[in-house]
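Take a look at the structure set out below.
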Amino acid sequence: MIAGIISLLIGMGIPLAGGICFLVRRDGTFLSFLAGVGSFVVSQLVLRIPILSFLGTHSASYAALMSSSIVISYGVAAFTAGLFEETGRLIGFSVFRKGRLSWMDTFAFGLGHGGIEAVWVMCQSQGVLACVLNGMAELFPEQMLAVALERLFAMMFHIGLTFVVMQGIRTGKKLRFWLLAVLIHAAVDFSLVVQNALVIWTVLVLFGLLSLGLSLSLRKKWRSEESVKETGKSKIPQ
144 MIAGIISLLI
154 GMGIPLAGGI
164 CFLVRRDGTF
174 LSFLAGVGSF
184 VVSQLVLRIP
194 ILSFLGTHSA
204 SYAALMSSSI
214 VISYGVAAFT
224 AGLFEETGRL
234 IGFSVFRKGR
244 LSWMDTFAFG
254 LGHGGIEAVW
264 VMCQSQGVLA
274 CVLNGMAELF
284 PEQMLAVALE
294 RLFAMMFHIG
304 LTFVVMQGIR
314 TGKKLRFWLL
324 AVLIHAAVDF
334 SLVVQNALVI
344 WTVLVLFGLL
354 SLGLSLSLRK
364 KWRSEESVKE
374 TGKSKIPQ
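Going by my numbering, the sequence shown opens with residue 144, and the numbers climb by one from there.
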């Protein structure tokens, strides 16, 4: 039971706490958080998953292709996940949060995107929440904690990808960084094809930590750029 509760605190508590913190800030970051939530819901739950499900049940050629090779099926799943989710991020910032280029807005968007995915995973029919409510969590403590850690690093990864997309927006290279984010996302998801726990965990932890490092380095870089801009403005004769 304890393992299940810890798993819920990580997978559902972190996104909830983050959302509350952004709401309390009253600086617009909560709307960026909601935009991140919306980008995942629309790109995955409304579009990608239903489309792939429809093709799987209504297209014999698609179903045959998916069953012909595990590499193809995982490749399609990985690439479409990257394509839909990174496009959702780009549209979310370019349209719904246009002009919100701050580090905190980017972080909030990423946490919203990765956080709602974590909540969705936790709430699946055979997920952590169901096990806790049914009193079965104590039977699978290792699995409960593994899911929590997987979601933690996945959230870090989603935040990192959000910063990749935002860097493209800030530098006027949207398509280049969007494509980079799509490829990184697809590559990490495609690592599941090896079906080796050690390799999968190594990839997830590595990219989770790299995402954390990227987020922190861009915070310093963006602050420096903003400081230079402010200094330049102050030197303009009034």
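Ideal Cβ positions, reconstructed from N, Cα and C, are used throughout, including at glycine.
Quick one, are the C-beta atoms of residue i and residue j less than 8 angstroms apart?
i      : j      : result
GLY147 : VAL262 : no
THR172 : GLY253 : no
VAL371 : PHE350 : no
PHE250 : SER182 : no
PHE333 : TYR217 : yes
Could you tell me if residue i is buried or exposed, where buried requires 16 or more neighbouring beta carbons within 10 angstroms of its beta carbon?
i      : result
GLN338 : exposed
ARG191 : buried
GLY235 : buried
LEU152 : exposed
LEU202 : The question names Leu, but residue 202 in the sequence shown is Ser. Answer is exposed; the Cβ neighbour count stays below 16.
ARG366 : exposed
GLY257 : buried
MET327 : Here residue 327 is Ile; the residue named in the question, Met, does not match the sequence. By the 10 Å Cβ count, ILE327 comes out buried.
Measure the alpha-carbon distance for residue i versus residue j and round it to whole angstroms.
i      : j      : result
THR91  : ALA329 : With the chain covering only 144 through 381, there is no way to say anything about residue 91.
GLY311 : LYS317 : 4 angstroms
PHE197 : PHE222 : 17 angstroms
VAL158 : ALA178 : Inspection of the sequence shows that residue 158 is occupied by Pro rather than by Val. Going from the Cα of PRO158 to the Cα of ALA178 covers about 14 angstroms.
ARG362 : ILE145 : 36 angstroms
SER354 : CYS266 : 25 angstroms
SER212 : LEU335 : 14 angstroms
LEU208 : PRO193 : 18 angstroms
VAL325 : ARG319 : 10 angstroms
LEU341 : PHE296 : 15 angstroms
ARG169 : PHE239 : 18 angstroms
GLU368 : ARG294 : 33 angstroms
VAL167 : ASP248 : 14 angstroms
SER210 : VAL348 : 30 angstroms
SER237 : PHE300 : 21 angstroms
ALA273 : ALA224 : 26 angstroms
LEU195 : VAL214 : 16 angstroms
Assuming residue i and residue j form a contact by the criterion Cβ under 8 angstroms, report the distance between their Cβ atoms to the nearest whole angstrom.
i      : j      : result
VAL271 : SER150 : 5 angstroms
GLY154 : VAL264 : 7 angstroms
VAL180 : ILE302 : Their Cβ separation, rounded to whole angstroms, is 13 angstroms, which puts VAL180 and ILE302 out of contact at 8 angstroms.
PHE176 : GLY242 : At roughly 16 angstroms, the Cβ-Cβ gap does not stay under 8 angstroms, so PHE176 and GLY242 are not in contact.
TRP321 : LEU233 : 5 angstroms
Does the pairing of the stretch 286-300 with the stretch 163-170 give three or more beta-carbon distances under 8 angstroms?
As far as the Cβ criterion goes, the stretch 286-300 does not touch the stretch 163-170, which means the pair count is below three.
Inter-stretch contact (C-beta, 8 angstroms, three-pair minimum) for the stretch 178-192 and the stretch 218-233
The stretch 178-192 is in contact with the stretch 218-233.
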